[in-house]
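J.:
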Amino acid sequence: MDFEFSGEQDQLRDTVRRFLSERAPTAYVRSMLDDPLGTTREVWQGLADLGVTGLLVPERHGGAGRGMTDMGVVLEELGRAVHPGPFLSSAVGAASALVAVAGPDGDELLPRIADGSTIATVALHDEGRRATWRTPTTVASNGALSGTKAFVPDAAGADVILVTAATGDGIGLFAVEADAPGVVIIPSETPDGTRKHATVELGDVVARRVGSGDATPALAGVVDRLLVAHVVDGVGAASTALELAVEYTKERKQFDRLIGSFQAVQHLCAEMLQALELGRAGAYYALWAADAADPAELHRAATMAKAWAGDAFFKIGADAIQVFGGIGYTWEHDIHLAYKRLLSLQHVLGGTADHLEELATIAIHP
Amino acid sequence: MDLRYPPEAEAFRLELRSWLEANAEPDLAAPHETLERGSPALERLVAWNRKLAEAGYAAMSWPVEYGGRGASLLEQVVFVEEMERVQAPATVNLIGMPNIAPAIMQWGTDEQKERFLPRMMRGDDIWCQGMSEPDAGSDLASLSTRAVLDGDTFVVDGQKTWNTLGHIADWCQLYVRTDPSAPKHKGISCLLVDMRIPGVEVRPLKTITGDLGFSELFFTDVRVPKAALLGPLHEGWKVATTTLAHERAGVAKLHLQLRRNIAELISLSTRTILPDGRRASEDPVLRQKLARIYLEGEYLKLLSDRAVSGLLHGRATGPEGSLAKLVWSDLQNHIAEVTSDVLGPDGLGGRPGAQRVSVRAASIAGGTTQVNRNIIAQRVLGMPRGG
């Protein structure tokens, strides 16, 4: 019954926090809002130099061979700093997908993802198919892919896109060079400039298949890890939103009183903390499940994590703006950065109704 | 991070489980309000309490010097889990063991400790607590029951309400005002009062459920020996706020009963047939609600687990402990409401209907939701007090 991070993990947290506050403060975050990649080469290399891009890559393939609990420490800090860029897509999504689908021999991309020299992402969803990934409409035939992938995270900045497609033997995972002939990447317009998405059109694109056989079970574990990763990022972003709001209630006076002394404001903040701490316990549990439990338990934990955080963390962002009042609605104030990050979280990999339905399937035994 | 229980806690679980298999009896967990003095149900419960005491399970958290087991926190958690699993009560003194005994240990004289603690542990004496008054609810320190020292005797006059177990109690830990001129937190004292002496009257309090679940206590010229004082004169507020340093497994209890209720609700949904022939558990709207309830139950457990972990690492009170009560009371209401949703019109009848009434207590008893939110805002988030 030990829910605490280790001393080593606390050190990792301090290191990442210091790096982000020095190299990627809010001014940097704002400068990346309209950048297609969302990171400067310098900051990306800085993260790689910390060793965090390779945390999930096995040592024999050039990484650190660590688990999701270590990765969670990094992700929470990135969320706290509302850090933009393709880290989650490449270091969690692509790395987990390659490890899971390629098998013990690994994949040629893994060392390059680990050292940050290649940025990769996973394209799981097809246009018009909401968040289902188990029945792709993109098809592979004779080694070439055709179809349209929707809401592909960080596609516009990625070097390699790992695309799921229907094959003769189930779902296959294919590595597509982003500049290959037949690939058209159309950035999506969303409110959150710290999370880039794009539609990826594939017209008979020659691609390399990763691993062999039906990748569905392996990808299920990857999707669960991605869910957990986004939720842990949300723990960080929601913590920032709550902290900023509570700080403000201790400075701002109206009617000659600090607004933090009004019970209506106190109760709002207490409810935000309640939502955050429940979500934090669930998110940390899911990290542990990713490393130590069986796939079914990880799936249950990940489904619960997103079913909770999707709406509860979004509401923390919304209530934080409410606490600020008018100033919170200005572009100048930083609170909208966290709000929009949590708005992205609410939608990514399916909405709350989708995850509650999946949870019902897990919990209800006829 | 390792969310498994350590081997020694699992070893204790096996030991306790086999003892319970040999000794636990069915239907011991009668609601306390249905117990009557001298009734067979109460005698059976007290007998069970003594059996636990003889086996060394009646006071898991108490230090060994007071006859307790001095169990580790995780052993206490395992104990709570296993007792819930077989639906066996851990003590007849559900107020005394967690709430009164720690104060006697910290503030009592040697004579008080020897006289009261062993009998409380065995269930030989049943204890209640006289705190709330008609005009002192959330604002407990404004209590006005008076005790005036007359030689070696306190003369007590006043009224207490919302008293649990008062109707069967032998003893009462009573909070009284001994210095009316002092600020309200300063003039309170704590007395250990024999409930059978003249001038003590117990009247049942009928609640909105129609049941007689609580008592009102009336004290009229009750003469209590000075030796009944627990802790220093006028320092009763300190006695009342004695930290429950060794009753820390309490947070682990909150989720157990509710998760059992949730499993029963889910099972009910698979047995309830809708007019179109589908089961309630197949209806998309009800599935969303059931999944949400399940999620809240599982997350209350994880919040509790994290609080236990914090305690094990020496964090006296994390936000998890104070938040758990809020989550627990919300969840009680949600379970009752979704049970109604699953049953439709049938939800108004029988136990489900009665539950929709009784759950109103959840957000009031043990500190209202609003007072708890004030506490969280001010003590956890450090927001300024109103004024």
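Protein sequences, first through last, are from chains A and B. Under my numbering, the first residue of the first sequence carries the number 118, and numbering increases by one thereafter. Under my numbering, the first residue of the second sequence carries the number 2, and numbering increases by one thereafter. Even for Gly, the Cβ is constructed at its ideal location relative to N, Cα and C.
#1: Using a cut-off of 9 Å between C-beta atoms, extract the partners of residue 327 of chain B located in chain A.
#2: Using the Cα positions of residue 42 of chain B and residue 36 of chain B, report the straight-line distance between them to the nearest angstrom.
#3: So, at 6 Å on beta carbons, what are the nonlocal neighbours of residue 302 of chain B in its own chain, with the 5 sequence-adjacent residues on each side left out?
#4: Does the CB of residue 2 of chain B have a neighbour CB from chain A at under 8 Å?
#5: Note the first and the last residue of the continuous beta strand (DSSP E) segment covering residue 314 of chain A.
#6: Counting beta carbon pairs with one atom in the stretch 134-142 of chain B and one in the stretch 110-117 of chain B, are three or more of them shorter than 8 Å?
#7: Can you tell me whether residue 306 of chain A is buried or exposed? The criterion is at least 16 other CB atoms within 10 Å of its CB, across all chains shown.
#8: Closer than 7 Å by C-beta to residue 320 of chain A: which residues in its own chain qualify, once you throw out the five before and the five after it? Chain order, please.
#9: Taking a cut of 8 Å between CB atoms, which residues from the stretch 452-472 of chain A lie near chain B?
#10: For the stretch 346-373 of chain A, enumerate the residues whose C-beta is nearer than 7 Å to any C-beta of chain D, in chain order.
#11: Which residue wins for smallest C-alpha separation from residue 91 of chain B, given the options B:114, B:153, B:230, B:26?
#12: Is there a Cβ of chain A sitting closer than 8 Å to that of residue 92 of chain B, yes or no?
#13: Quick one: what's residue 8 of chain B bridged to in DSSP?
#14: Name the DSSP beta bridge partners of residue 289 of chain A, please?
#15: What does residue 448 of chain A touch in chain B if you count any residue whose Cβ is under 7 Å from its own?
#16: In this structure, how does DSSP classify residue 53 of chain B when only helix, strand and coil are distinguished?
#17: Does the beta carbon of residue 480 of chain A come closer than 8 Å to any beta carbon on chain B?
#18: Can you tell me which of the three DSSP states residue 222 of chain B falls into?
#19: If you reduce the DSSP assignment to three classes, tell me which class residue 265 of chain A lands in.
#20: Does any C-beta atom of chain B lie closer than 8 Å to the C-beta of residue 161 of chain A?
#21: Can you pull the chain B neighbours of residue 474 of chain A, defined as C-beta to C-beta under 8 Å?
#22: So, does the CB of residue 8 of chain B fall closer than 8 Å to a CB anywhere in chain A?
#23: Using a C-beta cutoff of 8 Å, does residue 416 of chain A count as contacting chain B?
#24: Give the secondary structure of residue 217 of chain B by DSSP, where H, G and I count as helix, E and B as strand, and everything else as coil.
#25: Below 8 Å, can you find three or more Cβ-Cβ pairs linking the stretch 467-478 of chain A to the stretch 366-381 of chain A?
#26: Counting only C-beta atoms, is residue 395 of chain A closer than 8 Å to chain B at any point?
#27: Beta-carbon of residue 375 of chain B versus every beta-carbon of chain A: anything under 8 Å?
#28: What distance in whole Å lies between the Cβ atoms of residue 322 of chain A and residue 224 of chain A, which are believed to be in contact at a cut-off of 8 Å?
#29: Scan the stretch 418-437 of chain A for residues whose Cβ lies nearer than 8 Å to a Cβ of chain B and list them as they occur along the chain.
#30: Could you please give me the residues that DSSP links to residue 160 of chain B through a beta bridge?
#31: Using a 10 Å radius around the Cβ and a threshold of 16 neighbouring Cβ atoms, would you call residue 150 of chain B buried or exposed?
#32: Give the interface partners of residue 193 of chain A over in chain B, defined as CB-CB distance under 7 Å, in chain order.
#33: What number of angstroms, rounded off, separates the C-alpha of residue 189 of chain B from the C-alpha of residue 48 of chain B?
#34: Near residue 179 of chain A, which residues of its chain fall below 7 Å by C-beta distance, leaving aside the five closest residues on each side in sequence?
#35: Starting from the Cα of residue 124 of chain B, find the closest Cα among B:53, B:159, B:78 and give me that residue.
#36: If we call anything under 8 Å between Cβ atoms a contact, is residue 466 of chain A one with residue 343 of chain A?
T.: Well, looking at it:
#1: 387, 388, 391
#2: 7 Å
#3: 256
#4: yes
#5: 314-323
#6: no
#7: exposed
#8: 263, 299
#9: 470
#10: The question asks about chain D, but that chain is absent: this structure's protein chains are A and B.
#11: B:26
#12: no
#13: In the DSSP output, where bridge partners are listed per residue, residue 8 of chain B has none listed.
#14: A:282
#15: What residue 448 of chain A touches in chain B: nothing, since even the nearest Cβ is about 27 Å away.
#16: helix
#17: yes
#18: strand
#19: strand
#20: no
#21: 285, 288, 289, 292
#22: no
#23: no
#24: strand
#25: no
#26: yes
#27: yes
#28: Their Cβ separation, rounded to whole angstroms, is 19 Å, which puts residue 224 of chain A and residue 322 of chain A out of contact at 8 Å.
#29: 421, 424, 425
#30: B:219
#31: exposed
#32: Within chain B, no residue comes near residue 193 of chain A; the closest Cβ sits about 13 Å away, beyond 7 Å.
#33: 36 Å
#34: 171, 227, 228, 231, 232
#35: B:53
#36: yes
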